[in-house]
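Participant: Read in order, the letters of the sequence shown correspond to residues 0 to 398 in numbering that gives the first Met the number 0. The structure's right below; bear with me while I get my questions together.
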Amino acid sequence: MAETNPAIYPVTLTFPAQSFRRIPNPYLKSESGDQEANMYMAICDVKSLPDHIPMETNPREQNLNTNVAKKIKASLLNTAALDFYLLNRGLLLSAKEVSFNNYSNEITVTFSDPEVHGNVDGGHTYRTILKYRDSLDVGQQYVKIEFLTGVEGIFQSLAAARNTSVQVQDKSIAELENRFDIIKDALKDQPYMERVFFKENDSGEIDVADLLSILMMFNIKRFPDREAFPTISYSAKKRCIDLYIQDHKDFGESKQNPYVKLKTIMPDIFKLYDTIERNMNNYYRAKNPGGRYGATKGVIVPKQGVELQSKFLCQPMDAQSPNGFIYPILGAFRALVTEKDGLYTWKKNPFAILDRVGPELVESTVSMSRSLGNNPQSAGKDVNLWKTLYMTVAMAAMD
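Laid out in structure tokens, this is it:
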């Protein structure tokens with residue numbers, strides 16, 4: 000890796016910490032083992048991080064244009080959430096010595112060997128903080144730092160083990176094996192496909208995992224009726240990827256593959272998603288003329304100068320709804336899917352049904368969220384809600 004910090008070793012850095020704790024080595028019976036591995040944990044204001052933490056020890060270059068880096072940036076600059084130190088893995092630093100001054104609340108860390116001392120994991124986080132922290136004020140965001148000393152003998156194993164995100168993910172392997180050609184072919188004419196990324200570190204705004212989780216809702220091979228509901232679409236996207244890959248391994252691109260059967264209605268499914276997303280506020284107000292959908296927990300309303308757009312077709316919206324609302328509503332339209340001549344098709348026009356029962360679906364969803372402590376996440380996982388909405392659509396199709 001090219002040197003980014005022209006440092007002269009040893010490098011000693013001193014900086015303030017919000018909190019600091021030494022984690023005793025559980026294998027040491029006494030203080031006689033000071034040179035053995037030790038762990039220290041700290042929470043620091045991102046504004047206080049030193050500029051020149053050695054980076055030669057990090058096993059990969061930091062590309063701030065990847066989707067991972069963009070998510071780190073979004074989390075860092077989301078000052079309303081105040082949870083960056085919880086959501087982010089933070090930094091892992093290997094060092095020669097670490098000490099803490101209880102009077103000044105300052106950490107002093109010494110890096111003496113450029114081959115084994117420095118940033119081991121969290122390079123994207125560190126670079127992102129350095130680039131964007133001038134946009135923050137003191138006290139707005141904090142980052143977790145883990146220090147390890149005495150790990151020189153296991154450094155290579157440590158770096159490999161902690162950088163698990165370097166490993167190729169299942170969807171990346173599936174892309175290399177051309178397993179997503181079914182989806183690419185079915186949606187090739189849709190404008191949002193140029194924004195879909197199929198493997199890690201590709202550019203794009205829509206994860207193929209989102210497509211697979213949505214399509215899972217309409218897989219009537221796995222969920223043929225009202226006895227089982229695809230709540231995994233909301234709560235377990237990794238499982239949706241695994242099941243898609245398994246179906247492709249079992250059936251290839253033959254007509255036995257449920258995703259081949261879905262090809263003809265795939266564009267409608269994502270258009271239906273957008274239609275629901277764009278009209279949530281209208282549906283809510285149809286049942287609550289004096290109510291404010293924007294005041295519902297989990298709903299985001301646009302700030303001045305900021306435009307909200309629907310996920311796939313980028314249409315303007317007056318409110319952004321949590322997935323815990325949208326997914327169960329969209330999943331209810333599985334009640335309209337049937338198989339004909341080896342392909343899935345609609346029993347009735349889903350958009351016409353949505354026009355009729357949209358207000359009822361939204362009212363049921365918001366009511367369920369409120370009954371669960373104003374928690375959209377709990378609503379998205381609630382089987383009873385999925386069943387209620389499914390039956391609402393099924394009954395409308397019978398009229």
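Each residue gets a CB set at the ideal place from its N, CA and C atoms; glycine is no exception.
Could you check which residue in Thr-387, Leu-388, Asp-112 and Val-392 has the C-alpha nearest to that of Ile-352?
Facilitator: Val-392
Participant: Which of helix, strand or coil does DSSP assign to Lys-130?
Facilitator: Per DSSP, reduced to three states, the secondary structure at Lys-130 is helical.
Participant: Taking buried to mean at least 16 other C-beta atoms within 10 Å of its own C-beta, is Ile-231 buried or exposed?
Facilitator: buried
Participant: Would you be able to state if there are at least three C-beta pairs under 8 Å between the segment 39-46 and the segment 140-147?
Facilitator: yes
Participant: So, are the CB atoms of Tyr-283 and Val-361 less than 8 Å apart?
Facilitator: Yes, the Cβ-Cβ distance between Tyr-283 and Val-361 is below 8 Å.
Participant: In angstroms with no decimal places, state the Cα-to-Cα distance between Ala-331 and Lys-260.
Facilitator: 19 Å
Participant: Where do the ends of the beta strand (DSSP E) carrying Glu-145 lie?
Facilitator: Element bounds for Glu-145: 141-148.
Participant: Decide if Thr-274 is buried, meaning its Cβ has at least 16 other Cβ atoms within 10 Å, or exposed.
Facilitator: buried
Participant: Look up Lys-347 in the DSSP assignment and say whether it is helix, strand or coil.
Facilitator: coil
Participant: To the nearest angstrom, report how far apart Ser-103 and Thr-13 are at their CA atoms.
Facilitator: 11 Å
Participant: State the DSSP-derived secondary structure class of Glu-174, mapped to helix, strand or coil.
Facilitator: helix
Participant: Could you compute how far the alpha carbon of Val-300 sits from the alpha carbon of Leu-135?
Facilitator: 23 Å
Participant: Who are the Cβ neighbours of Ala-378 in its own chain at under 8 Å, not counting the five residues just before and after it?
Facilitator: Gly-323, Phe-324, Pro-327, Thr-364, Met-367, Ser-368, Leu-371 and Leu-384
Participant: Taking Val-150 as the reference, give the member of Thr-107, Gly-117 and Ala-73 with the closest Cα.
Facilitator: For Val-150, the nearest C-alpha among the options comes from Gly-117.
Participant: Which runs of the alpha helix (DSSP H) fall wholly inside the segment 218-259 and span at least 4 residues, in chain order?
Facilitator: 231-234 and 236-250
Participant: In terms of alpha-carbon separation, which member of Asn-57, Lys-70 and Glu-193 lies closest to Ala-160?
Facilitator: Residue Asn-57 is the option with its Cα nearest to Ala-160.
Participant: What is the rounded straight-line gap between the Cα of Pro-190 and the Cα of Phe-269?
Facilitator: 11 Å
Participant: Once DSSP output is grouped into helix, strand and coil, what is the label at Gln-308?
Facilitator: strand
Participant: Pick from Ala-318, Tyr-389, Ala-158 and Val-137: whose alpha carbon is nearest that of Leu-336?
Facilitator: The question names Leu, yet the displayed sequence has Val at residue 336. Among Ala-318, Tyr-389, Ala-158 and Val-137, the Cα nearest to that of Val-336 is on Tyr-389.
Participant: Would you identify the three-state DSSP class for Gly-117, choosing helix, strand or coil?
Facilitator: strand
Participant: For Leu-307, which residues in the same chain have their Cβ closer than 6 Å to its Cβ, ignoring the five residues on either side in sequence?
Facilitator: Pro-301, Met-316 and Gln-319
Participant: What does a CB cutoff of less than 7 Å around Val-430 pick up in its chain, not counting 5 residues either side in sequence?
Facilitator: Lying outside 0 to 398, the shown extent of the chain, residue 430 is not represented and no answer is given.
Participant: Per the DSSP calculation, Thr-313 is bridged to which residue(s)?
Facilitator: Looking at the sequence itself, residue 313 is Cys, so the reference to Thr does not match. Looking at the DSSP assignment, Cys-313 forms no beta bridge with any residue, so it has no partner.
Participant: Can you tell me where the beta strand (DSSP E) holding Pro-15 begins and where it ends?
Facilitator: 10-15
Participant: Below 8 Å CB to CB, which residues in the same chain sit around Ile-205 once its five sequence neighbours on both sides are set aside?
Facilitator: Its chain contains Tyr-191, Arg-194, Val-195, Phe-196, Lys-310 and Phe-311 as the residues whose beta carbon lies nearer than 8 Å to that of Ile-205, once the 5 sequence neighbours on both sides are disregarded; these appear in chain order.
Participant: Give me the residue from Pro-53, Pro-49 and Pro-23 with the minimum Cα distance to Met-40.
Facilitator: Pro-23
Participant: Could you please give me the residues that DSSP links to Ile-275 through a beta bridge?
Facilitator: For Ile-275, which the question treats as bridged, DSSP gives no partner whatsoever.
Participant: Once DSSP output is grouped into helix, strand and coil, what is the label at Leu-210?
Facilitator: helix
Participant: Out of Glu-96, Asn-101, Arg-333 and Ser-253, which has the shortest C-alpha to C-alpha gap to Thr-109?
Facilitator: Glu-96
Participant: Over what stretch of residues does the beta strand (DSSP E) that includes Leu-92 continue unbroken?
Facilitator: 90-94
Participant: Relative to the C-alpha of Asn-278, which residue among Lys-346, Pro-223 and Val-356 is closest?
Facilitator: Val-356
Participant: Check Thr-263 in the structure and name its three-state DSSP category.
Facilitator: coil
Participant: What separation, rounded to the nearest whole angstrom, lies between the Cα atoms of Arg-221 and Glu-338?
Facilitator: Glu-338 has its alpha-carbon roughly 13 Å from the corresponding atom of Arg-221.
Participant: So what's Gln-166 in DSSP terms, helix, strand or just coil?
Facilitator: Only weak support exists for where Gln-166 lies, its pLDDT of 41 falling under 50; the value from the coordinates is given anyway. Three-state result, Gln-166: coil.
Participant: Using DSSP's beta-bridge definition, name the partner residues of Ser-98.
Facilitator: Thr-107
Participant: Which class does Ile-71 belong to by DSSP, given the choice of helix, strand or coil?
Facilitator: helix
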